[in-house]
Amino acid sequence: MPGPNDPYAFRGGGSVLKPNHMTRYLYPCLLGYPASSFRLQIPKWSTHRRRPQGQGAFDKTFITLTRAANPPPNLSQFKSWILAETAKDKHDENPIGRAMKRVTRYPGNTLLESGKFKLKRGDEGLFYIVKRTTSLVLGGDQQGQVAVDEDCYGIPCARWRELQPYCRSGPDSWWVRLYDLYNSSSDRAFFAVREQMTAIKIVAPIVQWLPRPDIEEAVQVDCKDPLPEDDLGNCIACSDDWDTESEVRCKLKCGHFLCLECVTLFVDQADRKGLQPGEENLDPGIPFWRCPYCRHFHTSSQQRADMITPAEFGFWKWYLTDIRFKHDIKYSWDMWLMVSENEGHIPNFSHNLPPSTIHMNVAKARVNAETTLYIIEQGIIPAAGFLNWGYPGDNPIDFPESAALLAVLKRELHRLEQTGQLFLLNDLLDHMKDVGLKAFIPVVAGTEKERLGNPVYPPGYEAYREYLCEWTARAVFIGPQASTQLMAFLFKMREEPGKVWWKGKDITVATE
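The sequence shown runs 1 to 512 under UniProt numbering.
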């Protein structure tokens with residue numbers, strides 16, 4: 001493993017709060033090679049790992065942010081530098097490592113597109129092809145313009161590990177990000193690769209994951225049987241085409257077909273609900289799910305909660321918490337307002353309302369910063385951290401941008417508390433959203449086209465900002481007593497990381 005004196009040392013761990021160079025990674029790409037020469041790697045540790053459960057709140061864009069320590073070059077400097085340095089790259093033992101260290105010192109953007117190809121016979125014929133496109137912001141008389149540099153690297157797969165650079169920010173380097181995409185090392189990487197495979201019309205291969213007995217009981221996986229005459233050529237649940245987009249197709253006992261991803265979702269949601277009026281005598285007596293085409297009953301004798309592996313806990317904690325949040329907002333909000341009113345947290349409001357009027361349209365609240373921040377910092381933010389995004393620091397709650405956002409929201413809560421102003425929920429939701437949008441001005445290099453399609457913010461930040469701003473507004477209306485059940489639920493999720501305590505419980509009300 002290289003050390004700090006590595007000549008190809010790479011710096012990640014930057015943010016859009018300061019001048020930066022953003023590198024985005026796209027895999028797999030055909031890059032002009034025939035699809036017949038493309039090779040896809042089996043996901044890492046697949047036989048000891050469950051097929052990734054669901055996409056959750058993942059943003060499937062992979063980037064690295066490097067703080068740009070050097071000022072933008074002018075066009076003359078750029079041209080002379082490119083000619084000289086590119087020539088040196090060609091004779092270097094690690095040309096891509098040398099180039100990535102060089103270009104990321106300057107404000108700009110890089111796109112690394114990659115694929116794995118069989119270009120020669122034998123074991124030595126496998127290559128990673130990486131195309132680098134770099135757009136740098138110019139200074140001097142060309143301020144506001146960009147200059148583009150491109151190169152392509154053919155790396156024998158046997159040499160790939162030799163190219164890993166030292167990175168002070170740990171895994172946040174170009175080598176690790178590409179390696180994780182090549183190997184689908186995390187669930188987020190798996191779904192990013194799947195999405196790109198669909199975009200270039202490469203069908204998902206057969207992967208031997210850790211067995212799911214409940215799925216094997218329900219369907220025939222990778223069925224080669226002829227499709228029924230009424231089959232439309234795609235999964236009847238998600239509409240993905242069998243030949244270019246879909247996961248492995250599975251035959252249900254009723255004879256219809258679903259892709260493996262949709263089968264997984266249906267099996268996981270098996271319960272005793274879903275009977276229509278007049279179907280009581282059809283109840284199989286155990287959890288079931290139904291074919292979306294013919295409504296045939298498919299039973300599940302095994303419960304998913306009994307098969308959750310330690311690596312899957314993060315997803316399930318996030319998934320169940322998301323269900324709880326959505327239920328509470330839709331069904332429990334009026335009750336919370338009345339409890340907050342009874343405990344004196346918000347002023348009394350009229351309950352003699354027309355049928356079309358809901359309490360949130362009449363109840364008002366003053367900001368109590370301490371109570372609000374307790375709910376946010378002890379419940380809402382940790383809940384967003386349940387989902388495993390890959391490495392520490394990849395989850396949006398750990399971004400420097402998110403810390404800046406929280407600091408701005410805190411200041412605004414204290415300011416509003418001093419005013420004593422009363423707010424309707426919808427007004428406060430709009431206000432906090434506006435505060436979040438203006439929390440800071442991101443440092444970006446060029447227009448969207450000049451940025452090579454790179455995003456303005458790091459992956460997941462915008463969705464997290466929306467989530468945090470919404471709950472900051474809602475928490476203003478929730479008094480200590482009103483928040484008791486929700487906070488107990490969230491503490492339970494945090495305190496018992498390896499226990500399926502929710503088995504057999506109604507997750508919308510469960511706290512113990």
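Just so it is clear, CB atoms sit at the ideal spot from N, CA and C, and this is done for glycine as well.
Rounded C-alpha distance that separates residue i from residue j
i, j, result
"Y331", "L337", "12 Å"
"P347", "R194", "51 Å"
"C294", "S301", "21 Å"
"K90", "P71", "26 Å"
"M22", "C254", "50 Å"
"I478", "G54", "31 Å"
"E113", "D151", "11 Å"
"K438", "C291", "47 Å"
"S46", "T419", "57 Å"
"G498", "L258", "32 Å"
"Q156", "K88", "Gln is not the amino acid found at residue 156; the sequence shown has Pro there. Approximately 20 Å, taken between the alpha carbons."
"S36", "S239", "26 Å"
"V362", "S350", "7 Å"
"N388", "G170", "17 Å"
"F313", "T321", "12 Å"
"E280", "R272", "11 Å"
"F190", "G56", "13 Å"
"K44", "H296", "36 Å"
"V103", "I381", "35 Å"
"H48", "E450", "42 Å"
"D434", "L260", "41 Å"
"F423", "F489", "28 Å"
"T61", "Q196", "10 Å"
"M307", "N94", "45 Å"
"P209", "L373", "At residue 209 the sequence reads Trp, which differs from the Pro that was named. Each residue's Cα considered, the two are about 42 Å apart."
"V443", "K18", "6 Å"
"D334", "E341", "11 Å"
"L181", "K503", "34 Å"
Per-residue DSSP class, three states only, for residue i
i, result
"C262", "helix"
"N109", "strand"
"F315", "helix"
"Q220", "strand"
"D268", "helix"
"D283", "coil"
"K248", "Sequence inspection shows Val at residue 248; the Lys mentioned does not correspond to that position. Three-state DSSP puts V248 in coil, outside helix and strand."
"D151", "strand"
"G115", "strand"
"L227", "coil"
"H48", "helix"
"residue 513", "The displayed coordinates of the chain run from 1 to 512. Any statement about residue 513 would go beyond what the structure contains."
"D92", "coil"
"T198", "helix"
"F489", "helix"
"A365", "strand"
"C167", "strand"
"residue 519", "Nothing about residue 519 can be read from this structure; the chain reaches only from 1 to 512."
"P497", "coil"
"K131", "strand"
Distance between beta carbons of residue j and residue i, contact taken as under 8 Å
i, j, result
"R50", "T309", "6 Å"
"R161", "T64", "With a Cβ gap of about 19 Å, R161 and T64 do not count as contacting."
"Y467", "E401", "Contact doesn't hold; Cβ gap of about 14 Å is too wide."
"Q481", "E343", "5 Å"
"G379", "M487", "5 Å"
"Y27", "P165", "Y27 to P165, Cβ: 18 Å. No contact."
"Q303", "P287", "7 Å"
"V219", "C250", "4 Å"
"G393", "V146", "Between V146 and G393 the Cβ distance is about 29 Å, and since that is not below 8 Å, they are no contact."
Residue of the options minimising C-alpha distance to residue i
i, options, result
"V221", "L119, H256, D241", "H256"
"Q41", "K90, L112, W333, K116", "K116"
"N20", "F489, P455, A369", "P455"
"I129", "V137, Q145, R159, T472", "R159"
"W174", "M307, E229, T198, R11", "R11"
"G125", "A445, P171, R39", "R39"
"Y25", "T134, D243, L416, A445", "T134"
"I215", "V248, P226, F58, I375", "V248"
"A68", "S76, G13, T86", "G13"
"W242", "Q208, L210, I202, L275", "I202"
"P4", "R168, L422, N395", "R168"
"G154", "K120, Q77, A403, V443", "K120"
"R366", "W502, P354, D334, H414", "H414"
"N109", "G97, R98, V137, A99", "V137"
"F58", "Y464, W502, D506", "Y464"
Proximity test, Cβ basis, 8 Å: residue i and chain C
i, result
"H327", "No chain C appears in this structure, which consists of one protein chain only."
Open item on the list: Would the stretch 261-274 count as touching the stretch 166-186 if we require 3 or more Cβ pairs under 8 Å?
Closed with: The stretch 261-274 is not in contact with the stretch 166-186.
Task: Three-pair Cβ contact test at 8 Å for the stretch 455-466 versus the stretch 491-500 - done: Cβ pair count under 8 Å is below three, so no.
Open item on the list: Check whether the stretch 82-99 and the stretch 407-425 are in contact - that is, three or more C-beta pairs closer than 8 Å.
Closed with: By the Cβ criterion, the stretch 82-99 is not in contact with the stretch 407-425, since fewer than three pairs of Cβ atoms, one from each stretch, lie closer than 8 Å.
TODO: Check whether the stretch 473-480 touches the stretch 425-433, taking contact to mean three or more Cβ pairs, one atom from each stretch, closer than 8 Å.
DONE: Yes, since at least three Cβ pairs between the stretch 473-480 and the stretch 425-433 fall closer than 8 Å, the two stretches touch.
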